[in-house]
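A.B. asks: Numbers given in our numbering equal positions in the sequence shown, counted from 1, plus 342.
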Amino acid sequence: MDANESRRQLVNMIRKGSVFDINLESVPPTCRVSVGDPDDTDNPGLVTNWIPFFSARAGTTREWNPLTKGEKVLLLCPMGDPAQGVALAGLFDENTPQPSTSPDKHMRVYPDDAVIEYDHAKHALAATLPAGATVLIVAPGTVTVKTEAATVQADTITLDGDATVTKSLTVKGPLSFEAGMTGKGGDGDAVMKIAGGAEFAKDVKVGGISSIHHRHREQGDGELVSEPQ
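1) Please identify the residue among GLU436, ASP461, TRP392 and VAL457 whose C-alpha is closest to the C-alpha of ASP446.
2) Go ahead and label GLY538 buried or exposed: buried means 16 or more other beta carbons lie within 10 angstroms of its beta carbon, across all protein chains shown.
3) Tell me whether VAL428 is buried or exposed, calling it buried when 16 or more other Cβ atoms sit within 10 Å of its Cβ.
4) By DSSP, does ALA345 sit in helix, in strand, or in coil?
5) Just list the residues that DSSP pairs HIS448 with in beta bridges.
6) How far does the beta strand (DSSP E) with THR470 in it reach, from first residue to last?
7) Express the C-alpha separation of PRO371 and GLY401 in angstroms, rounding to a whole number.
8) Excluding the 5 residues preceding and the 5 following VAL533 in the sequence, name in chain order all residues of the same chain whose CB lies nearer than 7 Å to its CB.
9) In this structure, does DSSP put LEU352 in helix, strand or coil?
10) Given SER553, which residues of its chain have a CB within under 6 Å of its CB, disregarding the five upstream and five downstream residues?
11) Got a sec, what are the start and stop residues for the beta strand (DSSP E) SER376 sits in?
12) To which residues of the same chain is THR470 closer than 6 Å at the C-beta, ignoring the five residues directly before and after it?
13) Going straight from the alpha carbon of THR438 to that of PRO408, what length do you get?
14) Give me the Cβ distance between PHE396 and ALA425, rounded to the nearest whole Å; I'm assuming they're in contact under 8 Å.
15) Runs of 3 residues minimum, wholly inside the region 393-438: which ones carry the beta strand (DSSP E) assignment?
16) How many Å lie between ILE499 and SER442 at the Cα?
17) Around the Cβ of VAL287, are there at least 16 other Cβ atoms within 10 angstroms (buried) or fewer (exposed)?
18) List the whole-angstrom C-beta distance separating VAL389 from CYS373, where the pair is believed to meet the contact cut-off of C-beta under 8 Å.
19) For PHE434, I'd like the list of residues in its chain whose CB is within less than 7 Å of its CB, leaving aside the five on either flank, ordered along the chain.
20) Please report how far the alpha carbon of LYS509 lies from the alpha carbon of GLU490, in whole angstroms.
21) Give every residue of the same chain whose Cβ lies closer than 8 Å to the Cβ of TRP406, excluding the five residues on either side of it in the sequence, and list them in chain order.
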């Protein structure tokens, strides 16, 4: 092997480049990497053939976060041969700068400006999604959330299923129901206490006695009086 070939292999072993093209349909997925400057005679540029690129995991646990065109990468070439190369991503530059300068944050920013970040100094996890975004959690078993206090802010909330509240429930707005209401008192107390008036569109029965159809006996001759008006 002559000196020029040895030098070429050394130069090509590790080179900085950018993603020229990408094929996400191939198995494994591949990309072409553009490196160097075609006009630089000391470090000539090239565009690789289709080569694989690294993923965080690719075994029984798999992660999918593909490269994008123009993304900065390292081209790693065994024996200095770009045909055997693999692309390793993760280099920031002026066109794609780091999303934060905080040493306390782990952050992921998506192309639609969605952001997921954890600040380990503040113990704060935040997921911020753009307008119109949705979240779906599918757990055939159970979902348990343990916390000191929980707040859900929404224009409307729908609970599609039987709900059980094991402790007290306070409703600060109007309460309405469409399919009846049943209940029983606890510890011998009244089932319902209302500090205010009540209006009923139909009859109310107390102990099985109608409040609008019941009749009293006259104290004089003992005859039944007419129903309440």
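A virtual CB, placed ideally from N, CA and C, is assigned to each residue, including glycine.
C.D. replies: Straight from the coordinates:
1) The residue given as residue 446 occupies position 104 in the sequence shown. For the residues GLU436, ASP461, TRP392 and VAL457, the minimum Cα distance to ASP446 belongs to ASP461.
2) Your numbering for residue 538 matches position 196 in the sequence shown. With fewer than 16 Cβ atoms within 10 Å of its Cβ, GLY538 is classed as exposed.
3) To locate residue 428, count along the sequence shown from 1; it is residue 86. Looking at its Cβ environment, which holds 16 or more other Cβ atoms inside 10 Å, VAL428 is buried.
4) In the sequence shown, counting from the first residue as 1, residue 345 sits at position 3. Correct three-state label for ALA345: helix.
5) Indexing the sequence shown from 1 puts residue 448 at position 106. Beta-bridge pairing links HIS448 to TYR460.
6) Counted from its first residue, the sequence shown places residue 470 at position 128. Element bounds for THR470: 466-470.
7) Along the sequence shown, read from residue 1 onward, the residue named residue 401 stands at position 59. Along the sequence shown, read from residue 1 onward, the residue named residue 371 stands at position 29. Whole-angstrom Cα-Cα distance: 15 Å.
8) Within the sequence shown, the letter at position 191 stands for residue 533. GLY525, LYS526 and GLY527, listed in sequence order.
9) Translated into positions along the sequence shown, residue 352 becomes position 10. Reduced to three states, the DSSP call for LEU352 is helix.
10) To locate residue 553, count along the sequence shown from 1; it is residue 211. Correct list, in chain order: VAL546.
11) Residue mapping note: residue 376 aligns to position 34 of the sequence shown, counting from 1. Per DSSP, SER376 is one residue of the beta strand (DSSP E) stretching across 372-377.
12) As a working mapping, residue 470 is identified with position 128 in the sequence shown. Once the five neighbours on either side are set aside, the close Cβ partners of THR470 are VAL457.
13) Locating residue 438 in the sequence shown gives position 96, counting from the first residue. Locating residue 408 in the sequence shown gives position 66, counting from the first residue. Distance from the CA of THR438 to the CA of PRO408, rounded to the nearest whole angstrom, comes to 16 Å.
14) The residue labelled residue 396 in the question sits at position 54 within the sequence shown. The residue labelled residue 425 in the question sits at position 83 within the sequence shown. With a Cβ gap of about 17 Å, PHE396 and ALA425 do not count as contacting.
15) 414-418 and 428-431
16) As a working note, residue 499 is residue 157 in the sequence shown. As a working note, residue 442 is residue 100 in the sequence shown. Roughly 34 Å between the two C-alpha positions.
17) With the chain covering 343 to 571 only, the question about residue 287 has no answer from this structure.
18) If you number the sequence shown from 1, residue 389 lands on position 47. If you number the sequence shown from 1, residue 373 lands on position 31. Contact flag wrong, Cβ pair sits at about 11 Å.
19) Residue mapping note: residue 434 aligns to position 92 of the sequence shown, counting from 1. Result list for PHE434: GLN440, in chain order.
20) One-based indexing of the sequence shown puts residue 509 at position 167. One-based indexing of the sequence shown puts residue 490 at position 148. When rounded, the distance between both Cα atoms is 15 Å.
21) In the sequence shown, residue 406 corresponds to position 64, counting from 1. SER397.
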